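Novice: Counting in numbering that gives the first Met the number 0, the sequence shown runs from 0 upward without gaps.
C-beta atoms are modelled at their ideal positions from N, C-alpha and C, and glycine is treated no differently.
Keep in mind the model is a prediction, meaning the values are calculated, not measured.
I'd like to ask you about the structure that follows.
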Amino acid sequence: MITSPQDTIEQYQKNGLWEGVLLHQWLQRCADASPQQLAIADQPTRTTLAGEPPLRLTFLQLQRASTNLAAQLLQQGIGREDRVIVQLPNIAELVVCYMAVSAIGAIISPLPVQYGGHELKHVDQALSAKAYIAIETLNGQAFAEPQSQHLSDGCRLLCFGQSLSLDTQENQAAASVLAEHQQQQSLSANDIFTVCWTSGTTGMPKGVPRSHNMWGTVGRNCIEAGDYQQGDRLLNPFPLVNMASVGSFLYPFVMLGCSLVLHHPFDPPVFLQQIQAEAINFTIVPPAMLNQLAKNEALWNPFDFSQLRSIGSGSAPLSPWMIDIFDNRYQKKIVNYYGSNEGINLFAKPETAPDAETRASMFPRFGAAGIDWPTAAARTIATKVIDPESGAEITEPGKAGELVVKGPTVFAGYWQTDNRDVFTEDGFFKTGDLVEICGEGDRFYRIAGRSKDIINRGGMKLSPAEIDVLLEGLPGAVEAAVCAYPDEDMGEKICACVVAENTEQPLGLDDIKSYLLEKGIAKIKLPERLELFERLPRNPLGKVQRFMLQDTVASR
């Protein structure tokens with residue numbers, strides 16, 4: 000299944016932006032060049048997580064395991080372009096699944112283990128999936144069987160430990176089955192390989208089809224952003240189901256011959272110990288954890304992080320003071336990522352944004368007309384800002400508009416969806432993100448919020464993301480965010496949603512207003528309502544799901 004137009008394919012291949020290599024072919028190159036090098040390492044807590052001891056696979060073992068699994072899938076009747084849902088935690092089997100599905104030319108749709116029956120049923124129906132792959136138990140509880148109750152009759156349950164096995168031994172029969180299949184098929188790096196799912200911040204998730212070539216370009220950009228070197232050891236704590244992990248870890252580790260260490264679920268003590276024990280060179284850390292490490296050196300100092308060169312983060316604005324501490328006290332580079340499943344692929348690193356203030360909240364305008372950057376990634380994307388209503392391009396700084404992007408990292412449209420309103424007339428993907436042109440020489444973008452996430456208070460459009468950032472340091476709060484609630488006079492007003500440290504003496508609305516006024520915020524942006532929560536709803540990447548906040552607030 001190819002979704003990219005032929006002229007687009009020819010253009011990107013001619014420019015060298017699409018390399019024409021499938022994921023399993025990258026793996027084969029690693030197995031040939033460095034067969035005994037560590038490829039995949041499970042987290043030390045795998046036994047608790049998945050009921051099995053941790054695995055450590057060399058590139059040769061990973062290649063054999065994927066060949067053997069590919070043969071098993073073929074024997075189960077799964078072939079080219081068949082859709083396979085995979086719902087596994089970050090364990091070796093998940094990486095093997097990616098490689099095996101690539102080898103047979105099928106389409107993998109990875110889901111976070113947090114997804115329940117409601118989401119699973121939606122994905123199955125949308126894909127007309129042929130198989131669902133899972134594990135028997137997760138954290139000591141039955142997993143595959145209960146989840147499979149939500150599948151359609153045409154979707155077969157395949158479970159590791161039952162109908163599927165992970166076998167790292169050489170199997171000539173399996174290799175022959177796979178080789179015969181590949182000879183009969185014409186696999187292409189332009190084929191759709193993954194259907195990942197949007198975070199669902201505006202409703203039910205939407206499928207995002209991406210080809211091997213699209214992922215390969217993202218992988219190259221992430222290699223550049225993190226300064227990966229051949230043979231590096233990478234630690235992935237994010238669910239291996241979307242851009243943040245597939246782009247930053249899955250493709251780069253086989254494209255460059257790195258070792259990939261897995262972590263799940265996020266457990267700070269285990270995570271920090273892995274950085275030391277595995278001599279990690281690069282990892283990604285959520286902003287809140289980076290803030291804790293910067294605030295409290297007692298969390299950092301007991302470990303030997305001498306091999307760690309840089310740390311990626313994103314999904315929310317970073318704190319300048321935190322970046323300053325990591326840059327100057329810990330001597331570790333912080334890279335700020337701005338990406339999406341659809342193909343946004345921007346990053347700010349010391350070489351493009353040296354000062355902490357800029358790197359914390361601004362991203363280079365890669366691909367903007369008339370602006371050059373000394374980075375290969377800038378060649379892989381075109382960007383501009385448009386008025387969300389008129390579509391007219393915005394070129395002046397300080398005026399919020401919708402970011403639109405196109406290029407070899409960008410998908411061709413949502414899965415089986417009317418995509419007429421997804422792209423501009425000249426082929427740019429409408430991201431739904433509001434940005435402002437800013438910074439020295441107008442060379443940067445600052446994220447101002449979501450075009451569908453703006454609070455319209457009496458005609459004044461306000462960014463909830465801006466207020467969220469200010470609330471990060473709110474005394475007496477574990478976490479806080481804002482959302483809109485309907486108002487008869489103003490249309491919408493702002494509600495502060497807070498998880499209090501002390502439920503017996505919770506914060507008051509006046510406390511929050513005073514805190515924000517001290518930050519210099521305009522009074523029109525002050526919350527006019529307060530709702531207390533036990534915890535804020537977040538997606539698997541840790542983003543606050545504002546639509547769920549709004550639904551809860553509206554029902555109270």
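Would you call the CB atoms of I1 and D190 closer than 8 Å?
Specialist: Walking along the sequence shown from the start, residue 1 turns up at place 2. Walking along the sequence shown from the start, residue 190 turns up at place 191. It is a contact, given that the beta carbons lie within the stated cut-off.
Novice: Beta-carbon separation of I561 and C96 under 8 Å?
Specialist: The question about residue 561 has no answer here: the residues shown for the chain are numbered 0 through 555.
Novice: Counting along the chain, where does the alpha helix (DSSP H) carrying E9 start and finish?
Specialist: For the purposes of this step, residue 9 is taken as the residue at position 10 of the sequence shown. Taken as a continuous stretch (DSSP letters only), the alpha helix (DSSP H) holding E9 covers 5-13.
Novice: Would a C-beta distance cut-off of 8 Å place G397 and M213 closer than the cut-off?
Specialist: Position 398 of the sequence shown holds residue 397. Position 214 of the sequence shown holds residue 213. Not a contact, by the Cβ cut-off of 8 Å.
Novice: Near S164, which residues of its chain fall below 6 Å by C-beta distance, leaving aside the five closest residues on each side in sequence?
Specialist: Start at 1 with the first residue of the sequence shown, and residue 164 comes out as number 165. Once the five neighbours on either side are set aside, S164 has no close Cβ partner at all.
Novice: Go ahead and label W320 buried or exposed: buried means 16 or more other beta carbons lie within 10 angstroms of its beta carbon, across all protein chains shown.
Specialist: Taking the sequence shown and counting its residues from 1, the one referred to as residue 320 is at position 321. Exposed: under 16 other Cβ atoms inside 10 Å.
Novice: Measure the C-alpha to C-alpha separation of Q272 and P251 and round it to an integer number of angstroms.
Specialist: One-based indexing of the sequence shown puts residue 272 at position 273. One-based indexing of the sequence shown puts residue 251 at position 252. If you draw a straight line from the Cα of Q272 to the Cα of P251, it is about 23 Å long.
Novice: Pop quiz: I520 and A495 are said to be a contact at Cβ under 8 Å. What is the actual Cβ separation, rounded to whole angstroms?
Specialist: Working through the sequence shown from its first residue, we reach residue 520 at position 521. Working through the sequence shown from its first residue, we reach residue 495 at position 496. For I520 against A495, the beta-carbon gap comes to about 12 Å, at or over 8 Å, which does not count as contact.
Novice: Report the CB separation of I283 from F325 in whole angstroms; it is logged as a contact under 8 Å.
Specialist: Walking along the sequence shown from the start, residue 283 turns up at place 284. Walking along the sequence shown from the start, residue 325 turns up at place 326. No, I283 and F325 are not in contact; Cβ-Cβ is about 14 Å, not under 8 Å.
Novice: Put M254 into one of helix, strand or coil per three-state DSSP.
Specialist: As a first step, residue 254 is located in the sequence shown; it is residue number 255 there, counting from the start. Three-state DSSP puts M254 in a helix.
Novice: Out of L535, F365, G369, G256, state which residue places its alpha-carbon closest to the alpha-carbon of P34.
Specialist: For this step, residue 34 is matched to residue 35 along the sequence shown. Taking only the C-alpha atoms, the option nearest P34 is G256.
Novice: Can you name, in chain order, every residue of its own chain whose Cβ lies under 7 Å from the Cβ of W25, other than the five neighbours on each side?
Specialist: Here residue 25 refers to the residue found at position 26 when the sequence shown is read from its first residue. Sequence-distant partners of W25 (beyond 5 residues in either direction) whose C-beta falls short of 7 Å from its own C-beta, in its chain, are V253, M254.
Novice: Determine the burial state of D231: buried for a count of at least 16 other Cβ atoms within 10 Å of its Cβ, exposed for fewer.
Specialist: Taking the sequence shown and counting its residues from 1, the one referred to as residue 231 is at position 232. So D231 counts as buried.
Novice: Let's test the definition: count the other Cβ atoms within 10 Å of the Cβ of I107 and tell me whether it reaches 16, buried, or not, exposed.
Specialist: As a working mapping, residue 107 is identified with position 108 in the sequence shown. In summary, I107 is buried, with 16 or more beta-carbon neighbours lying within 10 Å of its beta-carbon over all protein chains present.
Novice: In the DSSP assignment, the beta strand (DSSP E) including S210 goes from what residue to what residue?
Specialist: Residue numbering aside, residue 210 sits at position 211 when the sequence shown is read from its first letter. Looking at the DSSP string, the run of the beta strand (DSSP E) that includes S210 is 206-210.
Novice: Run through the segment 342-397 for me and flag every whole alpha helix (DSSP H) of 4 or more residues, listed as ranges in chain order.
Specialist: 355-360
Novice: To the nearest angstrom, how far is it from the Cα of S318 to the Cα of Y329?
Specialist: Numbered from its first residue, the sequence shown carries residue 318 at position 319. Numbered from its first residue, the sequence shown carries residue 329 at position 330. If you take the alpha carbons of S318 and Y329, they lie about 16 Å apart.
Novice: Would you call L72 buried or exposed, if buried means 16 or more other Cβ atoms sit within 10 Å of its Cβ?
Specialist: Numbered from 1 along the sequence shown, position 73 holds the residue referred to as residue 72. Buried, because 16 or more other Cβ atoms sit within 10 Å of the Cβ of L72.
Novice: Which residue or residues does DSSP assign as beta-bridge partners of E530?
Specialist: As a first step, residue 530 is located in the sequence shown; it is residue number 531 there, counting from the start. According to DSSP, E530 bridges with C496.
Novice: Looking only at its own chain, which residues have a Cβ that is under 7 Å from the Cβ of F142, when we skip the five neighbours before and after it?
Specialist: Here the question's residue 142 lines up with position 143 in the sequence shown. Excluding residues within five positions, the ones whose Cβ falls inside 7 Å are A133, I134, E135, T136.
Novice: Q544 to E179, Cα distance in whole Å?
Specialist: Locating residue 544 in the sequence shown gives position 545, counting from the first residue. Locating residue 179 in the sequence shown gives position 180, counting from the first residue. Their Cα atoms are separated by approximately 47 Å.
Novice: Among V217, E80, Q124, Q75, which residue has its Cα nearest to the Cα of V176?
Specialist: Counted from its first residue, the sequence shown places residue 176 at position 177. The option with the nearest alpha carbon to V176 is Q75.
Novice: Taking its Cβ as the centre, do 16 or more other Cβ atoms sit within 10 Å of A99, making it buried, or is it exposed?
Specialist: The residue labelled residue 99 in the question sits at position 100 within the sequence shown. That one is buried.
Novice: I466 and K524: beta carbons closer than 8 Å?
Specialist: Mapped onto the sequence shown, residue 466 falls at position 467. Mapped onto the sequence shown, residue 524 falls at position 525. Result yes, Cβ atoms of I466 and K524 sit closer than 8 Å.
Novice: Measure the C-alpha to C-alpha separation of T201 and K542 and round it to an integer number of angstroms.
Specialist: By one-based count along the sequence shown, residue 201 stands at place 202. By one-based count along the sequence shown, residue 542 stands at place 543. A caution first: T201 carries a pLDDT of 46, below 50, which makes its placement in the model too unreliable to give a value.
Novice: Helix, strand or coil for G199? Go by DSSP, reduced to three states.
Specialist: In the sequence shown, residue 199 corresponds to position 200, counting from 1. Interpretation of G199 is limited by its pLDDT of 46, a score under 50 that renders its predicted location unreliable; no figure is taken from the coordinates.
Novice: Do you know how far the Cα of D166 is from the Cα of A347?
Specialist: Looking up residue 347 in the sequence shown gives position 348. Looking up residue 166 in the sequence shown gives position 167. A347 and D166 have their C-alpha atoms spaced approximately 41 Å apart.
Novice: Roughly how many angstroms lie between the CA atoms of E478 and Q291, to the nearest whole one?
Specialist: Within the sequence shown, the letter at position 479 stands for residue 478. Within the sequence shown, the letter at position 292 stands for residue 291. If you draw a straight line from the Cα of E478 to the Cα of Q291, it comes to about 13 Å.
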